[in-house]
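A.B. asks: Let me give you the structure first, and then I'll get to my questions.
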Amino acid sequence: MNPKDDIRLAFVAEWYQVEAAIIRTFVISFHVRDNAVEVFDQRTKKIFLRRTKVPELSQRDFFVGSKINVFGRQFDIIDYADDMTRVTLAKYRKKGFVLLKHSMWAKHLGGFLMTLNENKININNGNMVQFTPKTVTQFLAGKQQEDVHASVLMNELLAGPSIALELIGNNVVDVMAACQKGSSDKVKLSPSMEAFFEREEMRLGFYCPATEKGVDKDLSYFFEEKHNIIKDCLFKNSTLAIIKPHSIKDGLLGTIVNEILSNGFQLNAMRMILMPRVNCEEFYEVYRGVLPEYIPMVTQLASGVCMCLEITCEDDSKRAHAEFRSFCGPMDPEIAKLLRPHTLRAKFGKTKVLNAVHCTDLPDDTNLELQYMFKIVD
Numbered sequence: 005m006n007p008k009d010d011i012r013l014a015f016v017a018e019w020y021q022v023e024a025a026i027i028r029t030f031v032i033s034f035h036v037r038d039n040a041v042e043v044f045d046q047r048t049k050k051i052f053l054r055r056t057k058v059p060e061l062s063q064r065d066f067f068v069g070s071k072i073n074v075f076g077r078q079f080d081i082i083d084y085a086d087d088m089t090r091v092t093l094a095k096y097r098k099k100g101f102v103l104l105k106h107s108m109w110a111k112h113l114g115g116f117l118m119t120l121n122e123n124k125i126n127i128n129n130g131n132m133v134q135f136t137p138k139t140v141t142q143f144l145a146g147k148q149q150e151d152v153h154a155s156v157l158m159n160e161l162l163a164g165p166s167i168a169l170e171l172i173g174n175n176v177v178d179v180m181a182a183c184q185k186g187s188s189d190k191v192k193l194s195p196s197m198e199a200f201f202e203r204e205e206m207r208l209g210f211y212c213p214a215t216e217k218g219v220d221k222d223l224s225y226f227f228e229e230k231h232n233i234i235k236d237c238l239f240k241n242s243t244l245a246i247i248k249p250h251s252i253k254d255g256l257l258g259t260i261v262n263e264i265l266s267n268g269f270q271l272n273a274m275r276m277i278l279m280p281r282v283n284c285e286e287f288y289e290v291y292r293g294v295l296p297e298y299i300p301m302v303t304q305l306a307s308g309v310c311m312c313l314e315i316t317c318e319d320d321s322k323r324a325h326a327e328f329r330s331f332c333g334p335m336d337p338e339i340a341k342l343l344r345p346h347t348l349r350a351k352f353g354k355t356k357v358l359n360a361v362h363c364t365d366l367p368d369d370t371n372l373e374l375q376y377m378f379k380i381v382d
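This is the structure:
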């Protein structure tokens, strides 16, 4: 698709109007050439938002099932609005699902995410989950598996927390099935995928459904239905890290996760969310009137999905807050590059606002911020 062409993609989207407690339906058009959005209200038959450039959004944000923020309003995209959009995108923006077993992700999560990104497979949602005998039985119910295989998978999922990921990509269901088997008649894996999944521990380290129907069922189980399986935070000598939306859109999610896990830190809880603007304003409230970047910081955090992580140190005698804050570096990446070139913000940050990651400033705020991201924001 040539970005110079003024291609218009149109979607049916819903917005929940809190004041009236009703769901309103709109048609959202995205113009690829200038990243402009136009919103049409189907109820009033009037333009709700005239064609307006929204730099925070890109073509990859628009697909059926995604959530987008447009000037503080969160829209859920539920369908294509015309046949041209359906034909253009339906083939390339398929949904997939993987469940990473603890034995694999604890060592290779960063590499797994990096490999997906290299192959244009995006992460749209993710949670760390902790199964119980009851919930793992619910999850496995109805799956076409031999008794022995199901029993092995059940034991593996009970052995430690797992990570559930919603994937978006071209032919992603067949691609992930081929990765798990090591080969496939349906698809040819790229050299990077063949190299990463040639080891048995990688192929056996995750579960994925083999059909689109199975994908829909698993996505519903992990991201829509309420089973109380999201892994709780430790809230003890831990701290919050947020991989910001611009980093995820730039394809740096796996790289940053890999940096964190390769430098003496552990991941105890994980949640990927798209935050409404009002929650972003509340979260950054301490900076209102203090930092001139407050409004741009809010806008950036609300611009797309972010990855929230509860971080602890491998050496539990160290203070997680102080260690991780030091590892992130100064807020301004330019200063970080001069004074702390090996920090996350020096490596991946661009500006004070686009500085790759958020970390908790004050030690007394760590549990408050973790509570907000993992308990309060829905």
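For the sequence shown, my numbering begins at 5 and goes up steadily by one. All residues carry an ideal CB built from backbone N, CA and C; glycine is no exception. None of these values were measured; they are calculated from a predicted model.
For L169 and D336, what's the separation of their Cα atoms in angstroms?
C.D. replies: If you take the alpha carbons of L169 and D336, they lie about 31 Å apart.
A.B. asks: Near H231, which residues of its chain fall below 6 Å by C-beta distance, leaving aside the five closest residues on each side in sequence?
C.D. replies: The residues are T139.
A.B. asks: Applying the criterion that 16 or more other CB atoms from any shown protein chain within 10 Å of the CB defines a buried residue, is F75 buried or exposed?
C.D. replies: So F75 ends up on the exposed side.
A.B. asks: Which residues does DSSP list as the beta-bridge partners of M311?
C.D. replies: I247 and M276, per the DSSP bridge assignment.
A.B. asks: Beta-carbon within less than 7 Å of I260's beta-carbon, same chain only, minus the 5 sequence neighbours each way: which residues are those?
C.D. replies: Around I260: I247, S251, L348, F352, A360 and V361.
A.B. asks: Quick check: the Cα distance between F287 and N39, rounded to an integer number of angstroms?
C.D. replies: Roughly 27 Å between the two C-alpha positions.
A.B. asks: On the CB-based measure, 16 or more other CB atoms within 10 Å of its CB, does K98 come out buried or exposed?
C.D. replies: Answer is buried; the Cβ neighbour count reaches 16.
A.B. asks: Sorted by chain position, which residues of the same chain lie with C-beta nearer than 6 Å to W19's C-beta, five sequence neighbours on each side aside?
C.D. replies: For W19, where only same-chain residues beyond five positions count, the Cβ hits under 6 Å are R28, R77 and F79.
A.B. asks: Quick one: what's A14 bridged to in DSSP?
C.D. replies: Its beta-bridge partners are S33.
A.B. asks: Out of L93, V133, N73 and E122, which has the shortest C-alpha to C-alpha gap to V102?
C.D. replies: Closest option to V102, Cα to Cα, is V133.
A.B. asks: State the start and end residues of the unbroken alpha helix (DSSP H) segment that holds D87.
C.D. replies: Where D87 is concerned, the enclosing alpha helix (DSSP H) stretches over D87 to L93.
A.B. asks: Could you tell me which residues DSSP puts in a beta bridge with W19?
C.D. replies: For W19, which the question treats as bridged, DSSP gives the partners R28.
A.B. asks: Hey, F66 and L13 are a contact pair by Cβ (cut 8 Å); roughly how many whole angstroms apart?
C.D. replies: Right, their Cβ atoms sit about 6 Å apart.
A.B. asks: With contact counted as at least three CB pairs below 8 Å, one residue from each stretch, are the region 100-120 and the region 204-213 in contact?
C.D. replies: A contact exists between the region 100-120 and the region 204-213.
A.B. asks: Please determine, among K111, M276 and D220, the residue with the shortest C-alpha to C-alpha distance to L244.
C.D. replies: The candidate whose alpha carbon is nearest that of L244 is M276.
A.B. asks: How would you write the range of the beta strand (DSSP E) that Y84 sits in, first residue to last?
C.D. replies: R77 to Y84 is the span of the beta strand (DSSP E), which, as asked, contains Y84.
A.B. asks: Counting along the chain, where does the beta strand (DSSP E) carrying H106 start and finish?
C.D. replies: Where H106 is concerned, there is no enclosing beta strand (DSSP E), although the alpha helix (DSSP H) it sits in stretches over H106 to E122.
A.B. asks: Tell me the DSSP secondary structure of Q184 in three-state form.
C.D. replies: Helix at Q184.
A.B. asks: Per DSSP, what kind of secondary structure is Y291 in: helix, strand or coil?
C.D. replies: In the structure shown, Y291 sits in a helix (DSSP, three-state: H, G or I).
A.B. asks: Alpha carbon to alpha carbon, how far is K217 from N73?
C.D. replies: So the alpha carbons of these two residues sit roughly 28 Å apart.
A.B. asks: Drop a sphere of 10 angstroms on the beta-carbon of D382, count the other beta-carbons inside from all chains shown, and report buried for 16 or more, exposed for fewer.
C.D. replies: Exposed: under 16 other Cβ atoms inside 10 Å.
A.B. asks: To test your reading of the DSSP string, which unbroken beta strand (DSSP E) runs of 3 or more residues are found completely within the region 144-224?
C.D. replies: 166-173, all fully within the region 144-224.
A.B. asks: Any idea if E204 is buried or exposed, counting beta-carbon neighbours within 10 angstroms, 16 or more meaning buried?
C.D. replies: With fewer than 16 Cβ atoms within 10 Å of its Cβ, E204 is classed as exposed.
A.B. asks: Run the CB neighbour count on N177, radius 10 Å, all protein chains shown included, and call it buried at 16 or more, exposed below.
C.D. replies: A small correction: the amino acid at residue 177 is Val; Asn does not occupy that position in the sequence shown. Classification for V177: buried.
A.B. asks: Return the chain-ordered list of same chain residues with a C-beta closer than 7 Å to the C-beta of R54, the five sequence neighbours on each side being excluded.
C.D. replies: The residues are E42.
A.B. asks: According to DSSP, Q375 sits in a beta bridge with which residue or residues?
C.D. replies: According to DSSP, Q375 bridges with nothing at all.
A.B. asks: Taking the straight line between their C-alpha atoms, what separation do you get for L343 and S307?
C.D. replies: Rounded to the nearest angstrom, the two C-alpha atoms are 30 Å apart.
A.B. asks: Does DSSP put D369 in a helix, a strand or coil?
C.D. replies: Of the three classes helix, strand and coil, the one that applies to D369 here is helix, per DSSP.
A.B. asks: Compute the Euclidean distance between the alpha carbons of F15 and N174, then round it to the nearest angstrom.
C.D. replies: If you take the alpha carbons of F15 and N174, they lie about 19 Å apart.
A.B. asks: Going by DSSP in three states, E318 sits in which element: helix, strand or coil?
C.D. replies: Coil, per DSSP.
A.B. asks: Taking Cβ positions, are T316 and A326 nearer each other than 8 Å?
C.D. replies: No, these two residues do not count as a Cβ contact at 8 Å.
A.B. asks: Tell me the DSSP secondary structure of T56 in three-state form.
C.D. replies: Looking at T56 - three-state DSSP - the assignment turns out to be strand.
A.B. asks: Going straight from the alpha carbon of V31 to that of W109, what length do you get?
C.D. replies: The straight-line gap from Cα to Cα measures roughly 39 Å.
A.B. asks: When burial is assigned at 16 or more other CB atoms within 10 Å of the CB, is N283 buried or exposed?
C.D. replies: Classification for N283: buried.
A.B. asks: Express the C-alpha separation of V179 and V191 in angstroms, rounding to a whole number.
C.D. replies: Distance between the alpha carbons of V191 and V179: 6 Å.
A.B. asks: Measure the beta-carbon distance from F239 to L374 and round it to whole angstroms, keeping in mind my assumption that it falls under 8 Å.
C.D. replies: Correct: roughly 6 Å between the Cβ atoms.
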